[in-house]
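Just add 54 to the spot in the sequence shown (first one is 1) and you have our numbering.
These notes are about the structure you will find just below.
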Amino acid sequence: LQDIQERGMGNIQCGNTLTEPCLGEKDIRYDAGASNNFVDQSVVWGKMAGYFKTEHYYYSGNYTPIETSSIASLVVKAFPSPGYENFTVDGTRIYQHNYVFFENAIEGGLSLVRYTDSSKHTSYEKDGSAIVLPYLTSFSDFTSQQEIPSSVSYPVGNNSLLATGYSDSVFGFNDEGYTTWIETKTCLDEPCDNMAVTVENFVDGSRVVSLLGTQTRITKDEFIEGMNQDYVDYNVFNASQVPIPMEASCNNVDQCLTEEQWCESGDPSCSESPYQEPDGKVKPGVIAGFTIAGFVVLLAILYLVHAYIIKKRDERNRVKFATRVAQTMSIRKSARSLTPDMLEKEFNKIDKEHGGRITKEALREFLESGKAGEINDRDFEALWAVMHSDSSETVDFLEFCAYMAQCQDEYNAAARANRGSITVAASLARMSVARSVSVKVATEGLKDLEAEEDAQEGQEEETA
(Lines of atoms letter the chains of each structure in order from A and count residues from 1; the text may use other names and numbers.)
(Lines give C-alpha, C1' and ligand atoms only; values in the text may rest on other atoms or scores of the structure.)
Protein backbone atom coordinates (compact mmCIF):
# COMPACT_ATOMS: atom_id res chain seq x y z
CA LEU A 1 0.00 0.00 0.00
CA GLN A 2 2.77 2.42 0.90
CA ASP A 3 4.63 1.57 -2.30
CA ILE A 4 1.49 2.21 -4.37
CA GLN A 5 1.05 5.55 -2.64
CA GLU A 6 4.66 6.64 -3.15
CA ARG A 7 4.66 5.64 -6.81
CA GLY A 8 1.45 7.55 -7.43
CA MET A 9 -0.40 4.48 -8.66
CA GLY A 10 -3.47 5.25 -6.61
CA ASN A 11 -4.89 7.41 -3.88
CA ILE A 12 -5.24 6.00 -0.40
CA GLN A 13 -8.12 7.24 1.72
CA CYS A 14 -7.07 8.56 5.10
CA GLY A 15 -8.85 7.85 8.35
CA ASN A 16 -9.76 4.21 7.80
CA THR A 17 -8.65 1.08 9.62
CA LEU A 18 -5.37 0.81 7.75
CA THR A 19 -4.40 4.46 7.40
CA GLU A 20 -3.51 7.27 9.75
CA PRO A 21 -6.19 9.79 10.78
CA CYS A 22 -7.02 12.49 8.28
CA LEU A 23 -5.14 15.74 8.81
CA GLY A 24 -8.50 17.49 8.88
CA GLU A 25 -9.38 15.70 12.13
CA LYS A 26 -6.82 17.75 14.02
CA ASP A 27 -6.39 20.75 11.70
CA ILE A 28 -9.67 22.33 10.63
CA ARG A 29 -8.00 24.04 7.69
CA TYR A 30 -7.75 20.65 5.95
CA ASP A 31 -11.28 19.60 6.84
CA ALA A 32 -13.26 19.88 3.59
CA GLY A 33 -16.46 19.40 5.57
CA ALA A 34 -15.86 22.39 7.83
CA SER A 35 -17.99 25.39 6.90
CA ASN A 36 -16.48 28.46 5.27
CA ASN A 37 -19.37 30.67 6.37
CA PHE A 38 -18.85 33.46 8.88
CA VAL A 39 -21.65 32.60 11.29
CA ASP A 40 -20.60 28.93 11.40
CA GLN A 41 -17.06 29.83 12.36
CA SER A 42 -17.92 32.45 15.00
CA VAL A 43 -21.25 33.58 16.41
CA VAL A 44 -19.97 37.11 16.87
CA TRP A 45 -20.35 37.81 13.15
CA GLY A 46 -24.03 37.03 13.24
CA LYS A 47 -24.55 39.08 16.40
CA MET A 48 -22.95 42.16 14.86
CA ALA A 49 -24.97 42.01 11.65
CA GLY A 50 -27.73 44.56 11.13
CA TYR A 51 -28.43 48.30 11.07
CA PHE A 52 -26.90 50.65 13.65
CA LYS A 53 -26.91 54.31 14.68
CA THR A 54 -23.34 55.40 15.44
CA GLU A 55 -21.68 58.22 17.42
CA HIS A 56 -17.96 58.91 16.96
CA TYR A 57 -15.62 61.05 19.09
CA TYR A 58 -12.14 61.86 17.78
CA TYR A 59 -9.11 62.56 19.97
CA SER A 60 -5.56 63.63 19.29
CA GLY A 61 -2.56 61.57 20.28
CA ASN A 62 -2.67 62.88 23.86
CA TYR A 63 -6.44 62.20 24.07
CA THR A 64 -7.40 65.84 23.62
CA PRO A 65 -10.83 66.09 21.91
CA ILE A 66 -10.67 67.17 18.28
CA GLU A 67 -13.47 69.69 18.14
CA THR A 68 -13.05 70.65 14.50
CA SER A 69 -11.10 69.41 11.50
CA SER A 70 -10.42 70.58 7.99
CA ILE A 71 -11.85 68.20 5.44
CA ALA A 72 -12.14 68.92 1.71
CA SER A 73 -11.45 72.62 2.29
CA LEU A 74 -14.23 72.78 4.85
CA VAL A 75 -13.98 73.24 8.59
CA VAL A 76 -16.28 70.68 10.15
CA LYS A 77 -17.29 69.65 13.62
CA ALA A 78 -15.77 66.34 14.71
CA PHE A 79 -16.87 65.99 18.31
CA PRO A 80 -19.18 64.19 18.12
CA SER A 81 -19.74 62.89 14.57
CA PRO A 82 -23.04 61.06 14.14
CA GLY A 83 -23.45 58.30 11.57
CA TYR A 84 -24.91 54.94 10.53
CA GLU A 85 -23.69 51.44 9.78
CA ASN A 86 -25.17 48.74 7.59
CA PHE A 87 -23.46 45.40 8.34
CA THR A 88 -24.62 42.46 6.17
CA VAL A 89 -23.34 38.87 6.50
CA ASP A 90 -23.91 36.65 3.46
CA GLY A 91 -22.25 33.25 3.75
CA THR A 92 -18.54 33.76 3.18
CA ARG A 93 -18.94 37.48 2.49
CA ILE A 94 -19.62 40.63 4.50
CA TYR A 95 -20.77 43.95 3.07
CA GLN A 96 -20.17 46.81 5.52
CA HIS A 97 -21.24 50.36 4.78
CA ASN A 98 -20.45 53.21 7.15
CA TYR A 99 -21.71 56.79 6.94
CA VAL A 100 -20.36 59.63 9.11
CA PHE A 101 -21.89 63.12 9.03
CA PHE A 102 -19.50 66.03 9.52
CA GLU A 103 -21.51 69.19 10.24
CA ASN A 104 -20.18 72.41 8.81
CA ALA A 105 -18.68 74.53 11.57
CA ILE A 106 -20.25 77.59 9.93
CA GLU A 107 -23.89 78.00 10.73
CA GLY A 108 -25.97 77.18 7.67
CA GLY A 109 -22.97 75.97 5.65
CA LEU A 110 -22.91 72.79 3.60
CA SER A 111 -22.04 69.63 5.48
CA LEU A 112 -20.19 66.49 4.39
CA VAL A 113 -20.91 62.79 4.60
CA ARG A 114 -17.98 60.42 4.63
CA TYR A 115 -19.00 56.98 3.47
CA THR A 116 -16.95 53.82 3.48
CA ASP A 117 -17.64 50.61 1.56
CA SER A 118 -15.84 47.68 3.17
CA SER A 119 -15.99 44.10 1.94
CA LYS A 120 -14.75 41.05 3.78
CA HIS A 121 -14.64 37.33 3.22
CA THR A 122 -13.67 34.40 5.37
CA SER A 123 -10.15 33.03 5.19
CA TYR A 124 -8.78 29.58 4.40
CA GLU A 125 -7.79 29.36 8.07
CA LYS A 126 -11.43 28.63 8.99
CA ASP A 127 -10.83 30.23 12.38
CA GLY A 128 -13.47 32.94 12.03
CA SER A 129 -11.01 35.53 10.78
CA ALA A 130 -12.00 37.88 7.96
CA ILE A 131 -9.91 39.23 5.12
CA VAL A 132 -10.85 42.89 4.72
CA LEU A 133 -10.42 43.76 1.06
CA PRO A 134 -9.05 47.09 -0.18
CA TYR A 135 -11.88 49.60 -0.04
CA LEU A 136 -12.71 53.24 -0.73
CA THR A 137 -13.58 55.89 1.76
CA SER A 138 -15.08 58.98 0.17
CA PHE A 139 -17.01 62.13 0.85
CA SER A 140 -20.42 62.68 -0.56
CA ASP A 141 -19.26 64.99 -3.32
CA PHE A 142 -16.96 62.25 -4.68
CA THR A 143 -14.25 64.86 -5.08
CA SER A 144 -11.80 63.00 -2.88
CA GLN A 145 -11.35 59.28 -2.35
CA GLN A 146 -8.85 57.17 -0.52
CA GLU A 147 -8.23 53.45 -1.06
CA ILE A 148 -7.58 51.63 2.19
CA PRO A 149 -5.29 48.55 1.83
CA SER A 150 -6.47 45.13 2.90
CA SER A 151 -6.45 44.13 6.55
CA VAL A 152 -7.50 41.26 8.78
CA SER A 153 -10.25 41.08 11.38
CA TYR A 154 -10.41 38.42 14.10
CA PRO A 155 -13.17 37.34 16.47
CA VAL A 156 -12.21 37.46 20.13
CA GLY A 157 -14.51 35.19 22.07
CA ASN A 158 -18.19 35.48 21.24
CA ASN A 159 -18.59 39.21 21.80
CA SER A 160 -15.64 41.09 20.29
CA LEU A 161 -13.77 41.74 17.06
CA LEU A 162 -10.18 42.88 16.63
CA ALA A 163 -8.95 44.33 13.34
CA THR A 164 -5.52 45.54 12.28
CA GLY A 165 -4.31 47.29 9.14
CA TYR A 166 -2.59 50.32 7.72
CA SER A 167 -3.36 53.34 5.52
CA ASP A 168 -1.62 56.27 3.97
CA SER A 169 -3.14 58.74 6.42
CA VAL A 170 -6.00 59.23 8.81
CA PHE A 171 -8.20 60.89 6.29
CA GLY A 172 -9.06 64.40 7.32
CA PHE A 173 -7.38 64.14 10.70
CA ASN A 174 -3.76 63.41 10.02
CA ASP A 175 -1.48 64.00 7.06
CA GLU A 176 1.72 62.65 8.54
CA GLY A 177 1.86 59.74 6.09
CA TYR A 178 1.84 56.03 6.68
CA THR A 179 -0.22 54.95 9.70
CA THR A 180 -1.13 51.66 11.27
CA TRP A 181 -4.36 51.16 13.12
CA ILE A 182 -6.02 48.81 15.54
CA GLU A 183 -9.80 48.61 15.83
CA THR A 184 -11.90 46.84 18.45
CA LYS A 185 -15.63 46.37 18.47
CA THR A 186 -17.28 44.87 21.55
CA CYS A 187 -20.85 43.86 22.32
CA LEU A 188 -22.12 45.48 25.52
CA ASP A 189 -25.04 43.07 25.85
CA GLU A 190 -25.78 39.50 24.79
CA PRO A 191 -27.87 40.27 21.68
CA CYS A 192 -25.25 42.88 20.76
CA ASP A 193 -27.79 45.67 20.46
CA ASN A 194 -25.20 48.07 21.90
CA MET A 195 -21.51 48.12 21.03
CA ALA A 196 -18.39 50.08 21.92
CA VAL A 197 -15.88 50.91 19.20
CA THR A 198 -12.27 52.07 19.45
CA VAL A 199 -9.76 52.85 16.71
CA GLU A 200 -6.14 53.74 17.46
CA ASN A 201 -3.95 55.21 14.72
CA PHE A 202 -0.14 55.23 14.97
CA VAL A 203 2.75 56.73 13.08
CA ASP A 204 6.17 55.30 13.87
CA GLY A 205 4.81 53.85 17.08
CA SER A 206 3.24 57.06 18.32
CA ARG A 207 -0.49 57.53 18.63
CA VAL A 208 -1.77 60.32 16.41
CA VAL A 209 -5.57 59.94 16.37
CA SER A 210 -8.01 57.90 18.44
CA LEU A 211 -11.66 57.23 17.87
CA LEU A 212 -14.11 56.26 20.57
CA GLY A 213 -17.61 55.43 19.52
CA THR A 214 -20.86 53.69 20.24
CA GLN A 215 -23.30 51.75 18.09
CA THR A 216 -26.97 51.13 18.81
CA ARG A 217 -29.08 48.67 16.85
CA ILE A 218 -31.97 50.13 14.84
CA THR A 219 -34.40 48.74 12.29
CA LYS A 220 -34.02 48.98 8.55
CA ASP A 221 -36.81 51.54 8.36
CA GLU A 222 -35.19 53.62 11.10
CA PHE A 223 -31.91 53.42 9.20
CA ILE A 224 -33.47 54.68 5.95
CA GLU A 225 -35.54 57.37 7.63
CA GLY A 226 -32.64 58.55 9.79
CA MET A 227 -30.20 58.80 6.86
CA ASN A 228 -32.65 60.73 4.71
CA GLN A 229 -33.56 63.03 7.59
CA ASP A 230 -29.92 63.78 8.42
CA TYR A 231 -29.29 64.68 4.80
CA VAL A 232 -31.79 67.46 5.39
CA ASP A 233 -30.75 68.39 8.90
CA TYR A 234 -27.03 68.64 7.98
CA ASN A 235 -27.74 70.45 4.75
CA VAL A 236 -26.05 67.92 2.42
CA PHE A 237 -26.35 68.56 -1.30
CA ASN A 238 -28.96 66.34 -2.92
CA ALA A 239 -26.68 65.63 -5.88
CA SER A 240 -23.96 64.23 -3.61
CA GLN A 241 -26.18 62.23 -1.32
CA VAL A 242 -25.77 58.44 -1.40
CA PRO A 243 -29.05 56.79 -2.42
CA ILE A 244 -30.79 55.10 0.49
CA PRO A 245 -31.83 52.29 0.20
CA MET A 246 -28.69 51.32 -1.70
CA GLU A 247 -29.00 50.51 -5.38
CA ALA A 248 -25.95 48.18 -5.47
CA SER A 249 -23.59 46.33 -3.18
CA CYS A 250 -21.55 49.50 -2.72
CA ASN A 251 -22.25 53.20 -2.68
CA ASN A 252 -19.91 54.07 -5.51
CA VAL A 253 -21.32 51.74 -8.14
CA ASP A 254 -18.25 52.00 -10.34
CA GLN A 255 -16.10 50.63 -7.54
CA CYS A 256 -18.17 47.57 -6.59
CA LEU A 257 -16.22 44.32 -6.54
CA THR A 258 -16.92 41.94 -9.40
CA GLU A 259 -17.37 38.21 -8.86
CA GLU A 260 -13.99 37.64 -10.47
CA GLN A 261 -12.36 40.02 -7.99
CA TRP A 262 -14.02 38.22 -5.07
CA CYS A 263 -12.66 34.90 -6.27
CA GLU A 264 -9.18 36.22 -7.07
CA SER A 265 -8.95 37.71 -3.58
CA GLY A 266 -9.40 34.23 -2.08
CA ASP A 267 -13.09 34.00 -1.25
CA PRO A 268 -13.40 30.32 -0.16
CA SER A 269 -16.79 30.03 -1.84
CA CYS A 270 -15.26 30.37 -5.30
CA SER A 271 -11.57 29.59 -4.93
CA GLU A 272 -9.49 26.58 -3.96
CA SER A 273 -7.94 26.41 -0.53
CA PRO A 274 -4.18 25.78 -0.32
CA TYR A 275 -4.93 23.41 2.56
CA GLN A 276 -5.82 20.21 0.73
CA GLU A 277 -6.11 16.92 2.56
CA PRO A 278 -3.14 14.84 1.42
CA ASP A 279 -3.44 11.20 0.48
CA GLY A 280 -3.70 8.91 3.45
CA LYS A 281 -0.59 7.31 4.90
CA VAL A 282 -0.62 3.70 5.95
CA LYS A 283 -0.14 3.28 9.68
CA PRO A 284 3.36 2.12 10.64
CA GLY A 285 1.79 -0.69 12.64
CA VAL A 286 -0.15 -1.83 9.59
CA ILE A 287 2.97 -1.78 7.43
CA ALA A 288 4.79 -3.76 10.10
CA GLY A 289 1.83 -6.10 10.35
CA PHE A 290 1.75 -6.69 6.60
CA THR A 291 5.50 -7.18 6.59
CA ILE A 292 5.36 -9.68 9.43
CA ALA A 293 2.33 -11.39 7.91
CA GLY A 294 4.09 -11.62 4.56
CA PHE A 295 7.19 -13.00 6.26
CA VAL A 296 5.08 -15.54 8.15
CA VAL A 297 3.30 -16.58 4.94
CA LEU A 298 6.66 -16.90 3.20
CA LEU A 299 8.00 -19.01 6.04
CA ALA A 300 4.88 -21.15 5.93
CA ILE A 301 5.27 -21.67 2.18
CA LEU A 302 8.95 -22.48 2.56
CA TYR A 303 8.12 -24.86 5.38
CA LEU A 304 5.46 -26.63 3.30
CA VAL A 305 7.84 -26.87 0.35
CA HIS A 306 10.57 -28.18 2.61
CA ALA A 307 8.20 -30.64 4.23
CA TYR A 308 7.05 -31.83 0.80
CA ILE A 309 10.66 -32.33 -0.32
CA ILE A 310 11.48 -34.25 2.87
CA LYS A 311 8.34 -36.36 2.48
CA LYS A 312 9.18 -37.25 -1.11
CA ARG A 313 12.78 -38.00 -0.17
CA ASP A 314 11.68 -40.27 2.67
CA GLU A 315 9.26 -42.00 0.32
CA ARG A 316 12.08 -42.56 -2.18
CA ASN A 317 14.30 -43.98 0.52
CA ARG A 318 11.60 -46.31 1.84
CA VAL A 319 10.84 -47.55 -1.67
CA LYS A 320 14.50 -48.12 -2.42
CA PHE A 321 15.13 -49.89 0.85
CA ALA A 322 11.94 -51.98 0.72
CA THR A 323 12.55 -52.89 -2.91
CA ARG A 324 16.05 -54.08 -2.17
CA VAL A 325 14.89 -56.13 0.82
CA ALA A 326 12.06 -57.64 -1.23
CA GLN A 327 14.56 -58.65 -3.90
CA THR A 328 16.54 -60.71 -1.39
CA MET A 329 13.56 -62.42 0.25
CA SER A 330 13.39 -66.07 -0.73
CA ILE A 331 9.77 -66.30 0.40
CA ARG A 332 7.42 -63.67 -1.01
CA LYS A 333 5.18 -62.62 1.84
CA SER A 334 3.53 -59.40 2.94
CA ALA A 335 5.23 -57.25 5.56
CA ARG A 336 2.75 -58.33 8.19
CA SER A 337 3.63 -62.00 7.51
CA LEU A 338 7.36 -61.54 8.04
CA THR A 339 8.56 -63.36 11.14
CA PRO A 340 11.43 -62.25 13.36
CA ASP A 341 13.52 -65.05 11.91
CA MET A 342 12.94 -63.81 8.39
CA LEU A 343 13.82 -60.28 9.42
CA GLU A 344 16.93 -61.50 11.21
CA LYS A 345 17.94 -63.39 8.09
CA GLU A 346 17.59 -60.22 6.01
CA PHE A 347 19.46 -58.24 8.66
CA ASN A 348 22.35 -60.70 8.46
CA LYS A 349 22.44 -60.39 4.67
CA ILE A 350 23.31 -56.75 5.15
CA ASP A 351 25.51 -57.33 8.21
CA LYS A 352 28.00 -59.51 6.40
CA GLU A 353 30.42 -59.37 9.30
CA HIS A 354 27.66 -60.72 11.60
CA GLY A 355 28.60 -58.31 14.33
CA GLY A 356 24.96 -57.56 15.18
CA ARG A 357 25.15 -54.06 13.71
CA ILE A 358 24.94 -52.61 10.24
CA THR A 359 27.49 -49.99 9.28
CA LYS A 360 26.89 -47.15 6.85
CA GLU A 361 29.19 -48.73 4.32
CA ALA A 362 27.40 -52.09 4.54
CA LEU A 363 23.98 -50.51 4.16
CA ARG A 364 25.02 -48.49 1.11
CA GLU A 365 26.64 -51.51 -0.50
CA PHE A 366 23.42 -53.47 0.09
CA LEU A 367 21.23 -50.79 -1.44
CA GLU A 368 23.39 -50.28 -4.52
CA SER A 369 23.99 -53.98 -5.19
CA GLY A 370 20.43 -54.61 -6.40
CA LYS A 371 18.46 -53.48 -9.38
CA ALA A 372 17.55 -50.17 -7.77
CA GLY A 373 20.90 -48.67 -8.71
CA GLU A 374 22.92 -46.03 -6.91
CA ILE A 375 21.59 -43.71 -4.22
CA ASN A 376 22.83 -40.12 -3.97
CA ASP A 377 24.69 -38.95 -0.90
CA ARG A 378 21.93 -36.60 0.34
CA ASP A 379 19.24 -39.30 0.19
CA PHE A 380 21.49 -41.86 1.78
CA GLU A 381 22.42 -39.55 4.66
CA ALA A 382 18.72 -38.84 5.25
CA LEU A 383 17.96 -42.60 5.21
CA TRP A 384 20.76 -43.29 7.62
CA ALA A 385 19.59 -40.51 9.97
CA VAL A 386 16.10 -42.02 10.07
CA MET A 387 17.24 -45.60 10.56
CA HIS A 388 19.63 -45.16 13.48
CA SER A 389 17.97 -43.31 16.36
CA ASP A 390 20.76 -43.39 18.92
CA SER A 391 24.16 -41.74 18.97
CA SER A 392 25.98 -44.79 17.64
CA GLU A 393 27.35 -44.93 14.13
CA THR A 394 25.62 -48.28 13.36
CA VAL A 395 22.10 -49.69 13.05
CA ASP A 396 21.12 -52.55 15.35
CA PHE A 397 18.44 -55.18 14.76
CA LEU A 398 15.71 -53.29 16.61
CA GLU A 399 16.33 -50.14 14.59
CA PHE A 400 16.27 -52.24 11.43
CA CYS A 401 12.91 -53.75 12.39
CA ALA A 402 11.51 -50.34 13.35
CA TYR A 403 12.39 -48.94 9.94
CA MET A 404 10.97 -52.01 8.21
CA ALA A 405 7.70 -51.28 10.04
CA GLN A 406 7.69 -47.80 8.45
CA CYS A 407 8.17 -49.41 5.03
CA GLN A 408 5.22 -51.82 5.13
CA ASP A 409 3.35 -50.30 2.19
CA GLU A 410 6.46 -49.89 0.09
CA TYR A 411 7.61 -53.44 0.89
CA ASN A 412 4.22 -54.96 0.02
CA ALA A 413 4.23 -53.13 -3.34
CA ALA A 414 7.76 -54.32 -4.07
CA ALA A 415 6.91 -57.87 -3.02
CA ARG A 416 3.89 -57.93 -5.33
CA ALA A 417 6.04 -56.68 -8.18
CA ASN A 418 8.64 -59.35 -7.46
CA ARG A 419 5.99 -62.06 -7.27
CA GLY A 420 4.72 -60.99 -10.68
CA SER A 421 8.21 -61.11 -12.09
CA ILE A 422 8.73 -64.62 -10.70
CA THR A 423 5.39 -65.80 -12.11
CA VAL A 424 6.29 -64.50 -15.55
CA ALA A 425 9.74 -66.07 -15.35
CA ALA A 426 8.26 -69.41 -14.30
CA SER A 427 5.75 -69.29 -17.13
CA LEU A 428 8.51 -68.55 -19.59
CA ALA A 429 10.53 -71.45 -18.19
CA ARG A 430 7.59 -73.79 -18.49
CA MET A 431 6.97 -72.66 -22.05
CA SER A 432 10.60 -73.30 -22.87
CA VAL A 433 10.42 -76.82 -21.43
CA ALA A 434 7.20 -77.52 -23.30
CA ARG A 435 8.76 -76.34 -26.48
CA SER A 436 11.78 -78.59 -25.95
CA VAL A 437 9.54 -81.58 -25.24
CA SER A 438 7.45 -80.90 -28.29
CA VAL A 439 10.50 -80.75 -30.48
CA LYS A 440 11.81 -83.94 -28.94
CA VAL A 441 8.51 -85.72 -29.40
CA ALA A 442 8.20 -84.55 -32.93
CA THR A 443 11.73 -85.68 -33.74
CA GLU A 444 11.33 -89.14 -32.15
CA GLY A 445 7.93 -89.63 -33.88
CA LEU A 446 9.49 -88.92 -37.27
CA LYS A 447 12.20 -91.47 -36.61
CA ASP A 448 9.59 -94.16 -35.71
CA LEU A 449 7.60 -93.37 -38.86
CA GLU A 450 10.69 -93.79 -41.04
CA ALA A 451 11.45 -97.10 -39.31
CA GLU A 452 7.96 -98.38 -39.94
CA GLU A 453 8.22 -97.43 -43.62
CA ASP A 454 11.53 -99.24 -43.94
CA ALA A 455 10.08 -102.36 -42.31
CA GLN A 456 7.07 -102.30 -44.60
CA GLU A 457 9.26 -102.03 -47.71
CA GLY A 458 11.27 -105.01 -46.48
CA GLN A 459 8.22 -107.16 -46.09
CA GLU A 460 7.03 -106.28 -49.57
CA GLU A 461 10.36 -107.24 -50.99
CA GLU A 462 10.27 -110.62 -49.21
CA THR A 463 6.77 -111.32 -50.41
CA ALA A 464 7.77 -110.49 -53.91
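The C-beta atom is built at its ideal place from N, Cα and C for all residues, glycine as well.
Model, not experiment: these values are computed from the prediction.
Residues near residue i in its chain [Cβ-Cβ closer than 8 Å; skip 5 each side]
i	result
Tyr329	Asp81, Arg83, Tyr84, Tyr178
Trp302	Reading off the sequence, residue 302 comes out as Ala, not Trp. Around Ala302: Cys310.
Asn282	Ile298
Ala416	Ile404, Asp405, Lys406, Glu407
One or two residues paired with residue i in a DSSP bridge
i	result
Lys180	DSSP output for Lys180 lists no bridge partner at all.
Ile404	Beta-bridge pairing links Ile404 to no other residue.
Pro209	Leu215
Arg411	Asp450
Cys241	Met249
Arg261	Phe256
Thr345	DSSP, once it has assigned bridges, lists no residue as partnering Thr345.
Trp235	Gly219, Asn255
Thr71	According to DSSP, Thr71 bridges with nothing at all.
Per-residue DSSP class, three states only, for residue i
i	result
Met300	coil
Gln150	strand
His360	helix
Tyr169	strand
Asn21	Look at the range of the chain in this structure, 55 to 518, and you will see that residue 21 is not part of it.
Glu157	coil
Asp395	helix
Ile185	strand
Pro332	coil
Glu318	helix
Met485	Annotation note: pLDDT 43 at Met485 (below 50); position unreliable, no value reported.
Thr377	helix
Leu311	coil
Leu164	coil
Leu417	helix
Tyr288	coil
Lys366	helix
Lys174	strand
Thr382	helix
Gln269	strand
Glu435	helix
Gln462	helix
Cys455	helix
Asp444	coil
Asn306	coil
Glu276	helix
Ile355	helix
Asn371	helix
Glu428	coil
Gln283	helix
Glu422	helix
Own chain residues within Cβ distance below 7 Å of residue i, not counting five before or after
i	result
His408	Asn402
Phe52	Absent from the structure is residue 52, since the part of the chain shown begins at 55 and ends at 518.
Leu421	Lys374, Phe375, Arg378, Ile429
Phe22	Only positions 55 to 518 of the chain appear in this structure, which leaves residue 22 out of reach.
Gln143	Residue 143 is actually Val in this sequence, not Gln. Result list for Val143: Phe92, Val93, Trp99, Gly100, Ala103, in chain order.
Thr240	Asn213, Ser214, Met249, Ala250
Ser124	none
Cys455	Leu397
Ser323	Asn90, Gly145, Thr146
Ala159	Thr122, Val129, Val130, Lys131
Ala88	Ile82, Lys180
Glu254	Trp235, Ile236, Arg261, Ser264
Contact set for residue i: own chain, Cβ-Cβ below 6 Å, skip 5 residues either direction
i	result
Ala468	Ala376, Thr377, Ala380
Phe451	Phe401
Val449	Ile412, Met441, His442
Gly182	Gln95, Ser96, Pro209
Lys337	Glu74
Leu311	Ser173
Gln150	Phe141, Ser172
Ala436	Arg367
Ala184	Lys174, Ser207
Gln460	none
Cys304	Asp171, Cys310
heavy atom of the ligand NAP below 6 Å from residue i C-beta
i	result
Pro119	Of the ligands one can find in the structure shown there are none, so the ligand NAP has no counterpart to examine.
CB contact below 7 Å: residue i versus chain D
i	result
Arg378	In the structure shown, chain D does not exist; there is a single protein chain.
TODO: With a floor of 4 residues, list each alpha helix (DSSP H) that falls wholly inside the segment 79-147, ordered by position along the chain.
DONE: 92-95, 97-101
Task: Touching by the beta-carbon criterion (3+ pairs, under 8 Å), the segment 339-354 and the segment 366-374 - done: no
Open item on the list: Between the segment 105-121 and the segment 259-268, can you find at least three pairs of beta-carbon atoms closer than 8 Å?
Closed with: Of all C-beta pairs linking the segment 259-268 to the segment 105-121, three or more are shorter than 8 Å, placing the two stretches in contact.
TODO: Pair every Cβ in the segment 145-153 with every Cβ in the segment 126-133, then say whether three or more of these pairs are closer than 8 Å.
DONE: In short, these stretches do not touch, since the Cβ pair count stays below three.
Open item on the list: Under 8 Å, with one C-beta from each stretch per pair, do the segment 236-256 and the segment 206-225 reach the 3-pair mark?
Closed with: yes
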